[in-house]
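Participant: Sequences listed follow chains S and W, in order.
So that you can map any letter, position 325 of the first sequence is 325 in this note's numbering, and since no number is skipped, the others follow by simple counting.
So the number in this note's numbering is just where the residue sits in the second sequence, counting from 1, plus 473.
Note that beta-carbon positions come from the ideal geometry of N, C-alpha and C, so glycine has one too.
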Amino acid sequence: MDGELNQSGCALVLTLARYFKRWSLWSKDIIILITSDSKAGPQAWVDAYHNEHAVPAVEPLPTKSGALQGVVVVDNALNHRFESLHIVYDGINGQLPNLDLFNTATAIASGQMGISVVLQRMWKHRDSYQERLQTMLRGMVSQGLGHASGPHSSFIPYHVDAITLQAVGDGWQDEMAMGRCVESTFRSLNNLLEKFHQSFFFYLLMQANRFVSIGTYLPSAMLVAVNFSIMAIALWIRSGRSTAPKLGSTNGKNEKKAEVEIIEQDGMLAVAPKQSLVIVERELFLPIALVIAFHFLGVIPLYLFNNARRDAFSWTFTIFTQANVLLPSLLAALLSYQSPLTAQQRLLLQCFSLLLLGMFLATLATLNFSLAFLIGLLAAPLSFAGQPFSTTSAEDSRSGWSARKSLMTVLLQVLSPPAVVLAACKASGVNVEDVLVEAAFGWKAHGLWTQVVVWCIWWPAWIVGGVICSPLL
Amino acid sequence: MVIDRRKATLFGAAAALRIFLFVVFPSLSRLLAGRVEVSTPVTSFKRQRISNLDQAPLLLPLFSLIPATAFSAITSILYILLDLFCAEALAQIAESGESRETRLYKSPRHELRWDGTAVGAAYLFNPLTIAACIGRPTSLFTNCAVLYAVAKACERRPLLAILSLGLASYLALYPALLLPPLILLSYDAKYKGSSQPPSLIPFAAIHTSAFFGSIACFLSESFFLTGGSWEFISSTYGVHLLLPDLTPNVGLWWYFFIEMFDSFREFFLGVFWLHLGGYVGGLCIRLRGQPLFVITTLLGLCAIFKPYPSISDTALYLALLPCYRHIFPLMRYTFFTMATLLYASLLGPAFYYLWIYAGSGNANFFYAITLVWSLGLSVIVSDSLFAVLRDEWEVERPEMKGKDVRQI
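Structure representation (structure tokens):
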């Protein structure tokens, strides 16, 4: 892991193999896997084990056993004694192993052996509120990115519970301690009659002994996703109302009087113009076609950033970011030139885009909670783009500059997907090129879906928001 | 034969899209053929190749005549042609005007219409239809036969219609429920405009016997094809009636029957089939003036309540619905139902993945989403029924046009 040679880990594992062979109490086969690199190696092996390898290019495995019950990755790149065990448990696309496996390792390490357990790179954890919050947020970022956080990540999509035990720090625990932890974990896994399923699969760890269950945290992601759906419903209803005519005015000119109607409900009377009670026929074709077209447009950056050459990544991304700033205005100008949208069509365009965004985020929240939550928060201003709160569509037909529109445009530009990626890279000190390479590698090797969500769901919704906000429309 | 340019463009575009999907994404076909929403045990493409256990024997020579090397390519072209054939039948149904004006009823909104090409486009570019075409279930043959039967009935050729319905009922059991409304539709279409039409009873008797005769023909052909044994009846129709295979699908039956005690099985099978068949009589009597709408509604109800539904049945129902464009303004829940169907079609595969592959969900998640899907479809069916009844009611009470009404 982390690109360092796993010298003590390999030595330990080979020793353990010789040690395990002497015992006759093993009820399951134990497979020792040593690969040359920590990302592609395990993925290739587990793919071949499950017959998912690329058939002509890769040979099938000569020896296989039954279904994999559990995987423990031993990582010890230190050449001195360590202090604590860092347990890494995130899988590809945010899928997590069963909490029982993590609890087993923690109970053995900290309970029996007295070795402290750390997670999410929080080397010093004093169990304060801030540190628990930070651990949880780091876990969410790691889950949201969905990348392979360790060699164990490749096993989790195959429904094999896997964790990585990494020796960190400078203390007085040696390989014997680590070996005893691994052996105890293996003895525990040996006693299993069935796959882990009794404990939680969806959790956020705050500390080695504390976690948040899905029933507590899922409503937050669902509320963020439902926000878009509610906005879509509101826009739909508004698109059915026509412009409200003037009932009376102090102007002396003889204006055509609007027809009014008396409505009675619950014993109260109201006078309303007849026009505002009728539902206007909605022209659906152009907004639907535009939303579908924009979502398919997301395939272009997806293909681009998955298949570009390594040295071309940084300048491709820079050019793309700069083009992205101008893209909504360009599309808005094109639209107003080719087929200008009526006020109703503008409302419907935003309605369908938000409906799709809400739907995808709600579905994603069941699969990868953190990704749905983060993207939902970053995309939240999209539900305020345009003029969703004005009561009549007459005000929407006003185009041109206004303070609110310009503020919205700036906010949307700041929160565009490429801008967010750039900002995140600057804040965490990681190179943009490395991030893109990691993403492309994840797509090709691990089946990573994060970039699909970003380019094919978030970016098209952002484009629609930008187009609606644009004064050129 | 004059080929309409718009129609030719539409057919060309639809065929091009499907060829593009077949050629550029060859794994998509295998993926969709393996999904439970697209292929059920009685319609699966994969099972067709291995053994013809649960499907009609007449399909066997069709598929075995195709050489194995080009099997995939030729069946793809065959299914594309089937889709285009369905669209052509739909266009004929729409153009005949039977949805707006029948022998006994004329809608006050009959000017509001989509022409045949638009209805065909709504069918060909429906994502459900495209997915069903790429996944290649054999239910597409049933859909074709049903649409052809309805088209011929609208075009005043009742015997052809009955023959086609016989083929459809032979392939899958449920089109037999469409016999009464189809007879009424062909009777109405044939004697439209005549003041003294002949009696309905002999007409119905002749065509019912023609129906059973055609089924007898198909059954005896199958008898000879399977080497002179009647075993295929228990495997083909027994599967629908007795539900031995409980593979999950988008329907309601499998979950019930998985957890049912054996002693109650026959009773509940009877209840479920009775439920499905119970709608025929009531709808035919109440909507005597609009038999095409009865057929549409029955297809919708079958898509929800039949033993092994799939999205091709839903696509068939949603194909006939645009013929009733004139009642769309009267429908109250379009946005809600479309959103529900979209949500269910996204969450369904997600929860199926969580259940089968990730192992972190269970069958209840998936079944809940199929219930939501069925709910959405039920609301469409009942909403369109409400709209048609309201439309009929406004002929008697034209002053209520545009006002809110409530059905009591």
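Any beta carbon from chain S within less than 7 angstroms of W:A487's own beta carbon?
Facilitator: Residue numbering aside, residue 487 of chain W sits at position 14 when the second sequence is read from its first letter. Not one chain S Cβ lies under 7 angstroms of W:A487.
Participant: Do we get a CB-CB distance below 7 angstroms when we pair S:D396 with the residues of chain W?
Facilitator: If you number the first sequence from 1, residue 396 of chain S lands on position 396. Confidence in S:D396 is poor, its pLDDT being 49 and thus under 50, which makes the residue's placement unreliable; the coordinate value appears in the next sentence. Chain W, which has no Cβ nearer than 7 angstroms to the Cβ of S:D396, makes this no.
Participant: Between the beta-carbon of S:M140 and the beta-carbon of S:S370, is there less than 7 angstroms?
Facilitator: If you number the first sequence from 1, residue 140 of chain S lands on position 140. If you number the first sequence from 1, residue 370 of chain S lands on position 370. Yes, these two residues count as a Cβ contact at 7 angstroms.
Participant: Please compile the residues from chain W whose C-beta is within a distance smaller than 9 angstroms of the C-beta of S:M359.
Facilitator: Residue 359 of chain S sits at position 359 when you count from the first residue of the first sequence. The contacting residues are A812, L815, Y816, L819 and L820.
Participant: Return the residues of the segment 454-471 of chain S that lie within a Cβ-Cβ distance of less than 9 angstroms from chain W, sorted by chain order.
Facilitator: Going along the segment 454-471 of chain S in chain order, one finds no residue with a Cβ nearer than 9 angstroms to chain W.
Participant: To the nearest angstrom, how far is it from the Cα of S:S154 to the Cα of S:H53?
Facilitator: Indexing the first sequence from 1 puts residue 154 of chain S at position 154. Indexing the first sequence from 1 puts residue 53 of chain S at position 53. Distance between the alpha carbons of S:S154 and S:H53 is about 13 angstroms.
Participant: Please check if any C-beta of chain S sits within less than 7 angstroms of the C-beta of W:F808.
Facilitator: Residue 808 of chain W sits at position 335 when you count from the first residue of the second sequence. Interface residue, yes.
Participant: In the structure shown, what three-state DSSP assignment does S:I300 receive?
Facilitator: To locate residue 300 of chain S, count along the first sequence from 1; it is residue 300. The answer is helix: DSSP assigns S:I300 an H, G or I state.
Participant: Am I right that W:K665 and W:R576 are in contact with their C-beta atoms under 8 angstroms? What's the rounded C-beta distance?
Facilitator: Counting from one through the second sequence, the residue named residue 665 of chain W turns up at place 192. Counting from one through the second sequence, the residue named residue 576 of chain W turns up at place 103. Yes, W:K665 and W:R576 are in contact; Cβ-Cβ is about 5 angstroms, under 8 angstroms.
Participant: Listed in chain order, which residues of the segment 301-325 of chain S have Cβ atoms closer than 8 angstroms to some Cβ of chain W?
Facilitator: If the cut-off is 8 angstroms between Cβ atoms, the segment 301-325 of chain S has nothing near chain W.
Participant: Give the range of the beta strand (DSSP E) segment to which S:Y203 is assigned.
Facilitator: Sequence index remark: in the first sequence, residue 203 of chain S carries index 203 (1-based). Segment Y203 to Q207, the beta strand (DSSP E) holding S:Y203.
Participant: Check the C-beta distance from S:L348 over to S:L284 and give it rounded, since I have them as a contact under 8 angstroms.
Facilitator: If you number the first sequence from 1, residue 348 of chain S lands on position 348. If you number the first sequence from 1, residue 284 of chain S lands on position 284. Indeed, because the Cβ distance is near 7 angstroms, the residues count as touching under 8 angstroms.
Participant: By Cβ distance, which residues of its chain are closer than 6 angstroms to S:L286, with the 5 residues on each side in sequence left out?
Facilitator: Residue numbering aside, residue 286 of chain S sits at position 286 when the first sequence is read from its first letter. Around S:L286: Q345.
Participant: Give the secondary structure of S:R210 by DSSP, where H, G and I count as helix, E and B as strand, and everything else as coil.
Facilitator: Position 210 of the first sequence, counted from the start, is the residue given in the question as residue 210 of chain S. In the structure shown, S:R210 sits in a strand (DSSP, three-state: E or B).
Participant: Below 6 angstroms CB to CB, which residues in the same chain sit around W:I800 once its five sequence neighbours on both sides are set aside?
Facilitator: Within the second sequence, residue 800 of chain W is the residue found at index 327, counting from 1. A860, V861 and D864, listed in sequence order.
Participant: So the alpha helix (DSSP H) S:I31 belongs to, where does it begin and stop?
Facilitator: Against the first sequence, residue 31 of chain S aligns to sequence position 31. S:I31 -> no alpha helix (DSSP H), and no H or E assigned at all.
Participant: I'd like to check one pair, W:F839 with W:Y826: are the Cβ atoms closer than 7 angstroms?
Facilitator: In the second sequence, residue 826 of chain W corresponds to position 353, counting from 1. In the second sequence, residue 839 of chain W corresponds to position 366, counting from 1. In this structure, W:F839 does not lie closer than 7 angstroms to W:Y826 by Cβ.
Participant: Grab me the residues of W:F498's own chain with a C-beta within less than 6 angstroms of its C-beta, minus the 5 sequence neighbours each way, in chain order.
Facilitator: Residue 498 of chain W sits at position 25 when you count from the first residue of the second sequence. There are no such residues.
Participant: List the residues of chain S that W:L827 touches, going by C-beta distances under 8 angstroms, in chain order.
Facilitator: What you label residue 827 of chain W is simply residue 354 of the second sequence in a count that begins at 1. Here the neighbours are T366 and L367.
Participant: Going by the CB atoms, is the gap between W:A618 and W:F641 shorter than 7 angstroms?
Facilitator: Here residue 641 of chain W refers to the residue found at position 168 when the second sequence is read from its first residue. Here residue 618 of chain W refers to the residue found at position 145 when the second sequence is read from its first residue. Inspection of the sequence shows that residue 641 of chain W is occupied by Ala rather than by Phe. Yes, the Cβ-Cβ distance between W:A641 and W:A618 is below 7 angstroms.
Participant: Taking the CB atoms as reference points, tell me whether W:T590 and W:L504 lie closer together than 7 angstroms.
Facilitator: Reading the second sequence from its first residue, position 117 is the one you call residue 590 of chain W. Reading the second sequence from its first residue, position 31 is the one you call residue 504 of chain W. Not a contact, by the Cβ cut-off of 7 angstroms.
Participant: According to a CB-to-CB cut-off of less than 9 angstroms, which residues of the segment 79-96 of chain S neighbour chain W?
Facilitator: Cβ contacts with chain W come from Q95 and L96.
Participant: Relative to the ligand GTP, is the shortest distance from any of its heavy atoms to the C-beta of S:Y337 smaller than 6 angstroms?
Facilitator: Only the bare structure without any ligand can be found here, which leaves the ligand GTP out of the picture.
Participant: Among residues of its own chain, excluding the 5 on either side of S:K405, which ones have a beta-carbon nearer than 7 angstroms to its beta-carbon?
Facilitator: To locate residue 405 of chain S, count along the first sequence from 1; it is residue 405. Only C469 and P471 meet the Cβ criterion.
Participant: Alpha carbon to alpha carbon, how far is S:H80 from S:S8?
Facilitator: Counted from its first residue, the first sequence places residue 80 of chain S at position 80. Counted from its first residue, the first sequence places residue 8 of chain S at position 8. Whole-angstrom Cα-Cα distance: 9 angstroms.
Participant: Rounded to the nearest angstrom, what separates W:M804 and S:A439 at their Cα positions?
Facilitator: The residue labelled residue 804 of chain W in the question sits at position 331 within the second sequence. The residue labelled residue 439 of chain S in the question sits at position 439 within the first sequence. Between W:M804 and S:A439, the C-alpha separation is close to 47 angstroms.
Participant: With S:G267 and S:W455 assumed to form a contact (beta carbons below 8 angstroms), what rounded beta-carbon distance in angstroms separates them?
Facilitator: Within the first sequence, residue 267 of chain S is the residue found at index 267, counting from 1. Within the first sequence, residue 455 of chain S is the residue found at index 455, counting from 1. The Cβ separation is near 56 angstroms, so there is no contact.
Participant: Measure the CB-CB distance between S:M359 and W:L815 and report whether it falls below 7 angstroms.
Facilitator: Reading the first sequence from its first residue, position 359 is the one you call residue 359 of chain S. Reading the second sequence from its first residue, position 342 is the one you call residue 815 of chain W. Taking 7 angstroms as the Cβ cut-off, S:M359 and W:L815 qualify as a contacting pair.
Participant: Measure the C-alpha to C-alpha separation of S:T450 and S:A372 and round it to an integer number of angstroms.
Facilitator: Reading the first sequence from its first residue, position 450 is the one you call residue 450 of chain S. Reading the first sequence from its first residue, position 372 is the one you call residue 372 of chain S. The straight-line gap from Cα to Cα measures roughly 10 angstroms.
Participant: Between S:D396 and the rest of its own chain, which residues show a CB-CB distance below 8 angstroms, the 5 nearest in sequence each way excluded?
Facilitator: Residue 396 of chain S sits at position 396 when you count from the first residue of the first sequence. Confidence in S:D396 is poor, its pLDDT being 49 and thus under 50, which makes the residue's placement unreliable; the coordinate value appears in the next sentence. The answer, listed in chain order, is A343, R346, L347, G386, Q387 and S390.
Participant: Compare the C-beta of W:G832 with all C-beta atoms of chain S and state if any pair is closer than 7 angstroms.
Facilitator: Indexing the second sequence from 1 puts residue 832 of chain W at position 359. For W:G832, the answer is yes, since a Cβ of chain S falls inside 7 angstroms of its Cβ.
Participant: Confirm, please, whether the CB-CB distance from W:S612 to W:T516 is below 7 angstroms.
Facilitator: Residue 516 of chain W sits at position 43 when you count from the first residue of the second sequence. Residue 612 of chain W sits at position 139 when you count from the first residue of the second sequence. Contact flag set, yes.
Participant: So, are the CB atoms of S:S1 and S:D75 less than 7 angstroms apart?
Facilitator: Within the first sequence, residue 1 of chain S is the residue found at index 1, counting from 1. Within the first sequence, residue 75 of chain S is the residue found at index 75, counting from 1. A small correction: the amino acid at residue 1 of chain S is Met; Ser does not occupy that position in the sequence shown. Cβ distance < 7 angstroms, so S:M1 and S:D75 count as in contact.
Participant: Shortest alpha-carbon distance to S:A423 belongs to which of S:T363, S:T321 and S:L407?
Facilitator: For this step, residue 423 of chain S is matched to residue 423 along the first sequence. Out of S:T363, S:T321 and S:L407, S:T321 has the C-alpha closest to the C-alpha of S:A423.
Participant: Give every residue of the same chain whose Cβ lies closer than 8 angstroms to the Cβ of S:I463, excluding the five residues on either side of it in the sequence, and list them in chain order.
Facilitator: Here residue 463 of chain S refers to the residue found at position 463 of the first sequence. Excluding sequence neighbours, S:I463 sits near F294, L297, L327, P328 and L331.
Participant: Could you tell me which of S:F82, S:L25 and S:A148 sits nearest to S:G447, measuring between CA atoms?
Facilitator: As a working mapping, residue 447 of chain S is identified with position 447 in the first sequence. If we check each option's Cα against that of S:G447, S:A148 comes out closest.
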